[in-house]
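Working notes, structure below.
In our numbering, the protein residues as written are 91 to 219.
Below is the structure:
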C-alpha cells in the first residue's frame, strides 16, 4: 500500500501519554512514512512527569535523579522536563521531501511557531545556538 495523500495528519491526544509507548508508536510511524505507507504526522500530547536526556546530559545535574523516570533521547542537549500541562509537539515529516536541510527545516518551524504565538499576542523570539 502506498499513501498518495500529501496532507499532514494532525493528532491531539487527550490525557497523559506514556513516553515509551509514544516513542514506539513514533518509530513505527516514521518507518511507515519512509516506506510511503503512512501520512506525515504532527502529534500534540502531554506526558506524565519525566525527563528526557540528550547526549550532553550528566546525571549529577539532576537535583533529585530518582524523582521522575529518565529516558535517553536521540538528540543533543541536556535534560528536558516533560509533564502534565506541558503540551509536546512531535513532528514526523519526510525531510527528503523538504531538501534534507535540517537546519533550514528547524528554522522554518521556529519562524512558524513564533508567528502562531503572535496570533495569540504572545511574544516569541529566536535565540542563537
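Think of the CB as a built atom: it goes at the ideal place given N, C-alpha and C, for glycine as much as any other residue.
Here the C-alpha atom of residue 145 lies approximately 7 Å from the C-alpha atom of residue 164. Under a 10 Å Cβ-count criterion, residue 142 is classified as buried, with 16 or more other Cβ atoms of the shown protein chains found around its own Cβ. Selection 213, 190, 185 and 135 evaluated against residue 100 yields 135 as nearest (Cα-Cα). Inter-residue distance for residue 192 and residue 105 is about 31 Å (C-alpha atoms, whole angstroms). Excluding its 5 nearest sequence neighbours in each direction, residue 120 has C-beta neighbours in its own chain below 6 Å: 182, listed in chain order. If only uninterrupted alpha helix (DSSP H) runs of at least 4 residues are considered, those enclosed by the region 180-218 are 192-209.
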